[in-house]
Amino acid sequence: MLELTASYIDSLAPNAAAVKNGRGLVAQKKFVKLNKSEEGDLLFGECSGSGKSNYVCSVDFVAPDNPVSRCSCPSRQFPCKHALGLMYAYADGLTFETSSVPEDISSKREKAEKREENKAKKATEEADAKPKKVNKSALKKKVSRQLEALDELEKLTLSLVRGGLGTADARTAKNLNEHAKRLGSSYLTGAENELRRLALLLENESDRERSYTYAAEQLTLLHAFIKKGRSYLQAKLEDPELAPDSESTIEEWLGHAWQLSELKEAGRVSEDVELLQLAFYSYKDDARREYIDTGFWLELGGEAIHRTVQYRPFKAVKHMKQEDSFFNVAKIGELYRYPGGLNARVRFEGLLPRKTESADLQAVRSSARSSIADAVKAVKNQLKDPLADRAPVVLLKASRIAQTEDGGFALVDEAGDTLALGDVYRLPQGSTSLLALTESSLLEDCCVLAMFEHRMDTGRLVAQPLTLIQGERITRLLY
Amino acid sequence: MSTTLLQELQGELRRLYIAGSDLAADDFRLKKMEPKLAQLGERAPVFKRMAEGVAALTGSAQPEDRALKLQDLSLLINSVLSTQGTTAPEGTVQNRETTDGGLSDLTTVHSYRQLAEVQNALSDSGGGRYEIVRSAYDQGLFRDLRLFPFAIRALGDSYSEIGDLAAHKILPAYGAAILPYLLDGLNIQGGREEERRLEVVRRLGVGAQDNRSLDILVRAAEEGSDKVRAAAIACLGSHPSFEDRLLEWSLDKKKTVREGAYAALAARNSEAGRDRLYESFVGKDALAAAEAIGNDPSPEMIERLLKLYEERLRSGYTGEEDRKSKDKLWKDLEPFTIAFRRAEHPGLERLYLDLAEHPPHYPSLGRLDDVERMRILHAAAGYLKDLDTPDALSVLEHMEQEDPRFLPYAFHAARRQLAPAEVYNRYAGSGWGKLKAAVSRKAQVVHKQLLETLHEEVYVYKGYVRQRLPQEQIEAEWDPRWLDWTIERDDLEMVAALAAPGSRKLLPYLKQAVETTSGNYRGHYIFIALDAGGFDEETRYELLMRWMEKKDWKKLYTVYHDETQRLLRLPDRFAGEAADRLEPLIRETRFAGIKEEMEEIIHSLRRRASSV
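Residue numbers (this note's numbering), protein chains in the order written: chain A, 484 to 962; chain B, 155 to 766.
Here is the structure:
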């Protein structure tokens, strides 16, 4: 029989408003009919709407890791509030009459099955077929266009360096933004975003000094990108058969969006993995013009902290699901791993929730790094590469989190080494000061998920605590 | 490795990034560093590369090249520095256990989407935020650790309702443990935000041992802006050691400061404090002192003022009556109405009883204008209505006899003290029949007042809207004869409110109402009454259909949401017939919107009918 928890239903919802509205429908007793199929894998019912006829909606659990919601309402959100309400009603224990599966749904199920079959057939056919032929002249054209754009970008940055950031004004920023657009049309979307980020830093009037520091860093970053990108592209130009580099992040920097099939080809898939989310946050990236939902997940039984990233372009924000904190363990059939450093991005399609148990927390503890020195070494090793992720996340074991004289906090490991805690510039929200509010027993003998960032202006490597794990408790300081 | 040198070099490069690499030629500060780097380079090759980089940057080169050199050097240094970041804390780590913040019962179970909505609402500006914050508070979301900083920040919200909500509800709910966090963030030169912050402090109360908090408060009281001073002084009321200071502040030149001191003295309730308050009450600051006493009425203070009140009310006046003398009298009496507004005291009860029963014993009352006299008498009636004593009830009845404006108070007291049947007998059972109501002018006023009072008692405020009392309460607390009484008076709204199973008149009345009532919105009441009357589904269905049929569909331009909902909720067995009956109706309508809406309803009824 179907098991639905409220938190799982919450996680299916596209946004917070849908959750509220869905619950509201149940509370206001808007459901006229509640039915389930004999097999218990389909919920369906009718819900009265605003004055028009009742909405007929259903949620199909034929594929339990990927429930399908259908509704006669005009909403473009899936699941819509009616489908969510139907599930909440079920989770609340309302009576659902058993009934046969309506005809339209069984026909839809058949169609979906057929689609799956076709897809599988196509996939095997494709696997049998010869590898895709590369259109060499088109690729050559594309790569030379990219190289040209890189040269132009270099010219632009160098002229900016010559003139100095001090002379940059609104016109410079506008100029950079225009140039960024051109980069985008020359297949360098990665560079486009970074150039726009530089423009944003120069537009920032409120904290000039700090902006200069980050803008100088950004210029250096662009320089590193130009150098690395140029040599990579030149290699590609000479050998068009070259497969995309699946070990470094350079492809992503250049603006390549990895297809799952490409990752599979490169052998970057793990099967039957269990992930536990330890932290989540979402922020608005003005340079990318997207909202970015980021989750940090521990692979149970392993040591890696993976990152899930969901991009929601400003323009499409209304129609996309906003990710949320996830408190269960996620059982995943196929986990696709992107190239990257300590927290390489992962992706998966569909997951099955499982309740978090104490064995999982045990796994968290055993995968935490017990030495600050080791952890910091790993972090610095990543930061050395200018194109690597600037804010790596590490799970650390602490014998305690102590207060310092000046009211700050520091993590102390078994060996007595200390690590100062502070807030990271890249995160939208501070969390260090919340340590003062937590129960003091949480700060003894615990694990800390921390995000690191090197501050060029102070020469400090800052670590911001995102989540505390102590005993059976997971305390999320961020989200 | 010499990190300081590298950090210094990085700083110089940052300077060049801002000033422009064209100015790097012969930069003497960089040149000065070059030999040091070269020296270190003998041991570590990376420094050698840096020395070369500096030389190339400052040496003779094309300007274009110089920019490239700066980028190259900066890239190298940033990479090296990234591996040199210090991680040790700046202050020494304390060995003692970290102390519990006292807020350890806060949770962290909520998800990003739940929290972010509230956090955004409290960091943004614009409409619709109050509802989000309010519902978050109602749902207990503020028990989440991560919302606590936002709750404090909410004190300074640009929308003052949110600030007030934080000060009155959200923050006090955390308890006294938050005092240090509140006071740490105090800006003593601030305005309204700090005033709210101190209001929370006052509500929660600072402990006598909490010297740190008291020090902050005293500093704010002495050096703060006017508003902050007043608010901080008001927090010090419960501490004996500050009494002298409070007395001193109560004589301050600034009115706001005096007001703060009065508030603290009223809360303090000491001998000296009461003396000072009394002094001000009879002096120029009467209203300010009255306000403070009104917020914190202590029995001793009330007793003292009562004597004066009675004296002033009883005193005769022989002079010539004019505007000036009346104003003077009201100025003497008004502070009492403020000071006693929340007070409870046997002496006050005695005074009010006597005052209401024997107004002639209080000549001052007679001298006042009606508006002002009513303020005093309404205060008295308001005090007596909830007393639940026979004396109070009989005095209220007396007042009601004299002036129908007191009927609501008497009715309310009667409802509290008497059985439902008795209340009915008293107000509707005898004497005040329909006939008399038509005859005497006074009886008409009484009748109108009674209907209004009934309305107030049955539709009570819930939040911001009036709502009908729950059905159980109607059936238990109201005499069933009221229903017939309201039916006789054809007051549909009240019939809807009082409807309950068991009345023989109700159904005929409603049937008639369906036929005669015009105006769509009144249909709402008919159906409420129908629901509450306990009628079977057939009856309800038939009346609903009748209601739909008698509408003038030609002129109809809207169908009410309530009606469509009722149609959609019809039991399956009526669905087919209902569709048949609705169909011919909509042929007449001239508005496409209605037609469409009704067609959809009919369609869904048909579908339901076919599924039976």
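The beta carbon of each residue, even a glycine, is placed where N, CA and C say it ideally should be. Model, not experiment: these values are computed from the prediction.
So for residue i, helix, strand or coil by DSSP?
i	result
residue 436 of chain B	helix
residue 491 of chain B	helix
residue 496 of chain B	coil
residue 688 of chain A	coil
residue 672 of chain A	helix
residue 741 of chain A	coil
residue 939 of chain A	coil
residue 342 of chain B	coil
residue 953 of chain A	strand
residue 728 of chain B	helix
residue 730 of chain A	coil
residue 934 of chain A	strand
residue 493 of chain A	helix
residue 553 of chain A	strand
residue 527 of chain A	strand
Are residue i and residue j closer than 8 Å when you measure CB to CB?
i	j	result
residue 879 of chain A	residue 866 of chain A	no
residue 480 of chain B	residue 522 of chain B	yes
residue 705 of chain A	residue 677 of chain A	yes
residue 325 of chain B	residue 354 of chain B	yes
residue 653 of chain A	residue 679 of chain A	no
residue 447 of chain B	residue 418 of chain B	no
residue 542 of chain A	residue 569 of chain A	yes
residue 164 of chain B	residue 235 of chain B	yes
residue 382 of chain B	residue 348 of chain B	yes
residue 538 of chain B	residue 527 of chain B	no
residue 949 of chain A	residue 762 of chain A	yes
residue 655 of chain B	residue 691 of chain B	no
residue 746 of chain A	residue 780 of chain A	no
residue 684 of chain A	residue 674 of chain A	no
So, does the CB of residue i fall closer than 8 Å to a CB anywhere in chain A?
i	result
residue 237 of chain B	yes
residue 176 of chain B	yes
residue 248 of chain B	yes
residue 309 of chain B	no
residue 232 of chain B	yes
I'd like the list of long-range same chain contacts for residue i, defined as Cβ closer than 6 Å, with 5 residues on each side in sequence excluded.
i	result
residue 648 of chain A	695 and 698
residue 818 of chain A	753, 756, 829 and 831
residue 740 of chain B	749 and 752
In chain order, what residues of the same chain lie with their CB nearer than 8 Å to the CB of residue i, ignoring the 5 residues before and after it?
i	result
residue 552 of chain B	510 and 511
residue 549 of chain A	832 and 833
residue 529 of chain A	514, 515, 516, 537, 538, 539 and 540
residue 743 of chain B	707, 708, 710, 749 and 752
residue 392 of chain B	359, 360, 362, 421 and 422
residue 95 of chain B	Chain B is shown only over 155 to 766; residue 95 of chain B falls outside these bounds and no answer can be derived.
residue 471 of chain B	479, 483, 517, 518 and 521
Since I believe residue j is in contact with residue i (beta carbons under 8 Å), could you give me their beta-carbon distance rounded to a whole number of angstroms?
i	j	result
residue 756 of chain A	residue 826 of chain A	Going by Cβ atoms, the distance from residue 756 of chain A to residue 826 of chain A rounds to 15 Å, so no, they are not a contact pair.
residue 773 of chain A	residue 797 of chain A	7 Å
residue 430 of chain B	residue 467 of chain B	That pair is no contact at about 24 Å.
residue 707 of chain A	residue 222 of chain B	At roughly 13 Å, the Cβ-Cβ gap does not stay under 8 Å, so residue 707 of chain A and residue 222 of chain B are not in contact.
residue 652 of chain B	residue 628 of chain B	6 Å
By Cβ distance, which residues of its chain are closer than 7 Å to residue i, with the 5 residues on each side in sequence left out?
i	result
residue 684 of chain B	664, 694 and 697
residue 882 of chain A	895, 896, 897 and 928
residue 191 of chain B	201, 204, 205 and 208
residue 560 of chain B	535, 550, 553 and 554
Distance cutoff 8 Å, beta carbons only. Does residue i sit that close to anything in chain B?
i	result
residue 939 of chain A	yes
residue 728 of chain A	no
residue 877 of chain A	no
residue 812 of chain A	no
residue 537 of chain A	yes
residue 699 of chain A	yes
residue 493 of chain A	yes
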